[in-house]
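Peer 1:
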Amino acid sequence: MAEVDVFPQELAERRQWICWRLEPSSKSDRPNKTPYSPHTNRRASSIDPATWGTLAEARAARDRYGYTGLGFVFTNDDDFVGVDIDHCRNKETGALNETAAMIVAKASTYTEISPSGEGLHLFFHGKIPEGGNKNSATGVEMYAFGRYLTMTGNRLIDLPLEVRQDDGVLAWIHAAYVKMPKQDKPTSERKAPKERKQRKQRASAAPLSDEVVLERALAADKEERFSKLWSGQWEKQYASQSEADMALCCKLAFWTGKNRDQMDRLFRQSKLYREKWDERHHANGATYGEETIGKAVDLVEDSYSPAAVEPVFEFEGRYYRAKGDAVTPLTNFVVKPVEMVESDEETQLTADLVTVRNETFRHSFLTTDFTNLQRFKSALNKRTIALSYTGSEADLELLKAFLYELEWNRKKGVKTSGLYRHDKRWVFVCGDQAADGEGTSVDGLQQFEQYRQSGPSMLDVQPIDAEQFMVLGSLIFSYNEPAKTVSVLAWCAGCFIKEHFKSRKIKYPHLFLIGEAGSGKSNTLERIILPIFSKERITAASQVTKFTLMKESVASNLIPQALDEFKPSKIDRSTLSVLLNHIRNAYDGTDGERGRADQTTTRYTLCAPLVVAGEESPAEASIRERSMELLFSKKDLKPEKHRRSFSKLSAIADVLSGFGRSVLNVALRTTAECAETWYRTALDEIDAELPSRVRNNIACCVAGLNLLETLCGSYGLTWDRVFEIPIKRCQTYLEYGAKEYLLDGGSANKGIIEQTLEGMARMGLYANEWTIMENLDHVAIYFKLCYDRYTQYRRDHAIVGECLEYAQFLKQLRQSDLFVAYKPVRISGMLKRAYVLDYEEIQKRCDITSFDPTTPEPISPWE
């Protein structure tokens, strides 16, 4: 027996090696051979070279991570062809079945035994012949670009350790063991409604005359293949005239509707006709011509019929339009369906477009791509100029109907990656993958290609084990002050049940990380938060547009949209307005809207939670109340324990990603009812004096902690064994953080009235603008005199934030609980109609030192 794990040099030196692992399949009892990258411990793609490696790298990853074996990827950059023969070898005796024995005897090339020991893999330099690549009946399949073969290096004895150049063996294998025997082909008729089928069966017409057949065949002859055969010019294209005879008969079979008599008449008119045509060459008495016509009729699967209901038909790698006696080519390609992904709003068709030059381009079309000729051609030319459509707009409608009748693998599509209810369970969809809470793949559900984002997927990551969870738990609360670390983890965990909350009409908060430069907020975002979601992308807040914000927000309903460098005072007003509106709309669940060049509008469902890092928080109270706000400081980084824990967490990004996958699995197994119960229970325990939005935000994060407690239980662990801070104290830290960072140490957020009064206090009011009432409980302010000066003061000092017009301010002031009366008051010896406010309540909420009657009064320029 040859040495195992030894491969031909020409394969070994290629950087096309991956690993694979046997994993359970949801489709059958047979496990899947799932490919993995030797670099990242994540799934590999047979069309993404970044996920491949060298043979040495693949071997090292196999040994380190315990993969089942190695794999070799076939690419367009090589001419390797693999032949896989299943269940052809007796594992105990090594005996081969007849198929394998015949192929091995004819093909003296590198051949290895498959991982099961029951199959063979052969390698050639060459090209797969046309007409399919797999035959389940014989167990023979051919592999080339976009596929991979599992590799063992267990070479079949007496066969060479080199890959042989194909000299016709592949064509022989294909003809003998791959190409399917001629059968009645299922057509779209069998899937069509009964009345349509009956109508087509009733359709009939007189056969076309010989002249019309020739006209149509020549009109469709873009490559001049028919005309050259007709005129007897076969030497440059065929090895023998017999092959040319067969080729012409196949074309005649198509155009005559397989009418044997007409085929014979027409062939006799061609320059290929010779005396051999009428010679009897077979024991049954059939002539060479009769036998050739018979074989051509069997080989040609489709044929042209003037009575066909469908005006579009396929012939020799093109689509044609038949109208009356005219035949017009529409394309230089045909469509090989891959899948049709459908949703209530749109449909995506993914297909291989195979040109007349036998080049294959995989394209995905949306329904809007068939709206008009310009859009369709634009979609064709997106990646190549090799695809051509020459029909009219009306022809496009006919082609669209023809393509719809093809046999598509239909799936349900979603725009956004994230959590969905599917077959009465929660599932997670990302790209072309979907999985449930048990980690089992879910078939028939995927994300539309145009909405997918590049980068790693959470489904490519393996969940962590109990030991890794314990290590993570010992670090996750100690890299900063608990009020911050607890809030960060609770918010991240809550994101995984955000859709559970949404189904119960509970709004989920954003997360703001605010602090001076170098305080660790951006590092926390990049090194702690994003790895949990297997996310890498961060956008600078100053660089966004309305479109880029909305586009990223619709990318996922779980994975956060990350913004950094949020500095409202340094961002231009239009961009800041876009940002603040987006933050508000994303929290409220309001759709975003954008105009298009054709005067229509596009709506975007804003569904991603937001995490924002910056040096300033938003000035608008209503924006701040829609978030959990944390204030970072350089002093937080001084304790050695904080620095050490952060350093360790930064070094285990893969564990954080695995932790995120583990939380995802638990979230998928959690019901919306359970998540709501966690939320309601927490809401009852939170300080009732806090604003309702703030209480809602804290309760959502407490539910995130409850989800983590459930995760502990799934490992057979308790919360206290994993985390160093008890869960009840974590809830206290959440509440403390909201009061300390969001509400500035109080129990209420400052609204526009409070912010205006604080601004006036900073500016300083003159003696003729305000006075303390006799009981010292009320203050009277003559806004008519001081409000214009206040707005000018804001402009002069570049104070950002909301500032109301005078009339609007007075309107809101009257509705405020600070308002007492609007009445005549004596100010500086003059009777003026002034607004009387609750001075005691103002002092509780605002910093108004200049309202203190013990401080010197500024001198008024108007006195």
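So the sequence shown is residues 2 to 864, counted in our numbering.
Positions of the beta carbon are idealized from the N, C-alpha and C atoms, including for glycine.
Restricting to Cα atoms, I'd like to know which of Glu616, Ala654 and Leu559 is closest to Leu669.
Peer 2: Leu559
Peer 1: Rounded to a whole number of angstroms, what is the C-alpha to C-alpha distance between Ser47 and Glu450?
Peer 2: 17 Å
Peer 1: For the region 530-602, which segments carrying the beta strand (DSSP E) assignment without a break, of at least 3 residues, lie completely within its bounds, in sequence order?
Peer 2: 562-567 and 593-596
Peer 1: Roughly how many angstroms separate the alpha carbons of Lys198 and Thr52, rounded to a whole number?
Peer 2: Its pLDDT being 38, under 50, Lys198 is placed unreliably in this model, and the coordinates cannot settle the point.
Peer 1: Need the endpoints of the alpha helix (DSSP H) that Arg266 sits in, please.
Peer 2: Arg261 to Gln270
Peer 1: Looking at the unbroken beta strand (DSSP E) that takes in Leu71, where does it start and where does it end?
Peer 2: Where Leu71 is concerned, the enclosing beta strand (DSSP E) stretches over Gly70 to Val74.
Peer 1: What number of angstroms, rounded off, separates the C-alpha of Tyr788 from the C-alpha of Thr757?
Peer 2: 9 Å
Peer 1: Taking just the CA atoms, how far does Leu150 sit from Leu397?
Peer 2: 40 Å
Peer 1: Looking at Glu616 and Glu741, is the spacing between their C-beta atoms short of 9 Å?
Peer 2: no
Peer 1: How long is the line joining the alpha carbons of Ala467 and Thr711, rounded to whole angstroms?
Peer 2: 13 Å
Peer 1: If you count every other CB in all the chains shown that lies within 10 Å of the CB of Met629, and 16 or more means buried, which is it?
Peer 2: buried
Peer 1: Going along the chain, which residues of its own chain have a beta-carbon closer than 7 Å to the beta-carbon of Asn134, five neighbours each way excluded?
Peer 2: Sequence-distant partners of Asn134 (beyond 5 residues in either direction) whose C-beta falls short of 7 Å from its own C-beta, in its chain, are Glu142, Met143 and Val179.
Peer 1: For Glu343, which residues does DSSP report across the bridge?
Peer 2: Per DSSP, Thr348 and Lys413.
Peer 1: Apart from the five residues on each side of it in sequence, which residues of its chain come closer than 8 Å, Cβ to Cβ, to Val164?
Peer 2: Pro9, Glu11, Leu12, Phe81, Thr110, Tyr111, Phe124, Phe125 and His126
Peer 1: Under three-state DSSP, which class holds Ala13?
Peer 2: In this structure, Ala13 counts as helix in the three-state DSSP scheme.
Peer 1: Spell out a yes or no on whether the region 420-429 and the region 392-409 are touching, meaning 3 or more CB-CB pairs, one atom from each, closer than 8 Å.
Peer 2: In this structure the region 420-429 does not lie against the region 392-409, because fewer than three pairs of beta carbons, one per stretch, are closer than 8 Å.
Peer 1: Would DSSP call Gly608 helix, strand or coil?
Peer 2: Checking the displayed sequence, the identity of residue 608 turns out to be Cys instead of Gly. Three-state DSSP puts Cys608 in coil, outside helix and strand.
Peer 1: Gln434 bridges to which residues according to DSSP?
Peer 2: Cys431
Peer 1: Measure the CB-CB distance between Met459 and Ser658 and report whether it falls below 9 Å.
Peer 2: yes
Peer 1: Under three-state DSSP, which class holds Glu500?
Peer 2: helix
Peer 1: Per DSSP, what kind of secondary structure is Asp655 in: helix, strand or coil?
Peer 2: helix
Peer 1: Does the Cβ of Lys812 have 16 or more other Cβ atoms within 10 Å, making it buried, or fewer, making it exposed?
Peer 2: The residue is exposed, with fewer than 16 neighbouring Cβ atoms inside 10 Å.
Peer 1: Report whether the distance from the Cβ of Arg376 to the nearest heavy atom of the ligand MG is below 8 Å.
Peer 2: What this structure holds is no ligand at all, so the ligand MG is not there to describe.
Peer 1: Where do the N-terminal and C-terminal ends of the alpha helix (DSSP H) with Cys675 fall, by residue?
Peer 2: Per DSSP, Cys675 belongs to the alpha helix (DSSP H) from Ala673 to Glu686.
Peer 1: Using the beta-carbon count (16 or more within 10 Å), is Asp167 buried or exposed?
Peer 2: buried
Peer 1: Is it true that the region 519-527 meets the region 606-621, where meeting means three or more beta-carbon pairs spaced less than 8 Å apart?
Peer 2: yes
Peer 1: Could you tell me how far apart the beta carbons of Val357 and Lys337 are, in whole angstroms, since I believe they sit closer than 8 Å?
Peer 2: Not really, about 14 Å apart at Cβ, beyond 8 Å.
Peer 1: Which whole runs of the beta strand (DSSP E) in the region 111-193 are 3 residues long or more, in chain order?
Peer 2: 112-114, 121-126, 141-144 and 149-152
Peer 1: Within this structure, are the beta carbons of Thr772 and Arg815 separated by less than 9 Å?
Peer 2: Their beta carbons are not under 9 Å apart, which means Thr772 does not touch Arg815 by this criterion.
Peer 1: Let me make sure I understand the geometry here. Which of Val5, Ala218 and Ala436 has the alpha-carbon closest to that of Leu162?
Peer 2: Closest option to Leu162, Cα to Cα, is Val5.
Peer 1: Can you tell me where the beta strand (DSSP E) with Gln315 in it begins and where it stops?
Peer 2: According to the sequence shown, residue 315 is Glu rather than Gln. Residues Val313 to Phe316.
Peer 1: Could you give the DSSP three-state label for Gln234: helix, strand or coil?
Peer 2: coil
Peer 1: Is the beta carbon of Phe478 less than 9 Å from the beta carbon of Cys701?
Peer 2: The answer is no: Cβ separation not under 9 Å.
Peer 1: Between the C-alpha atoms of Gln263 and Gly233, what's the straight-line distance to the nearest angstrom?
Peer 2: 19 Å
Peer 1: Rounded to the nearest angstrom, how far is the Cβ of Ile624 from that of Leu691, given a contact under 8 Å?
Peer 2: The pair is not a contact, with the Cβ atoms about 17 Å apart (cut-off 8 Å).
Peer 1: Rounding to the nearest angstrom, what Cα-Cα distance links Ala380 and Ile386 in this structure?
Peer 2: 11 Å
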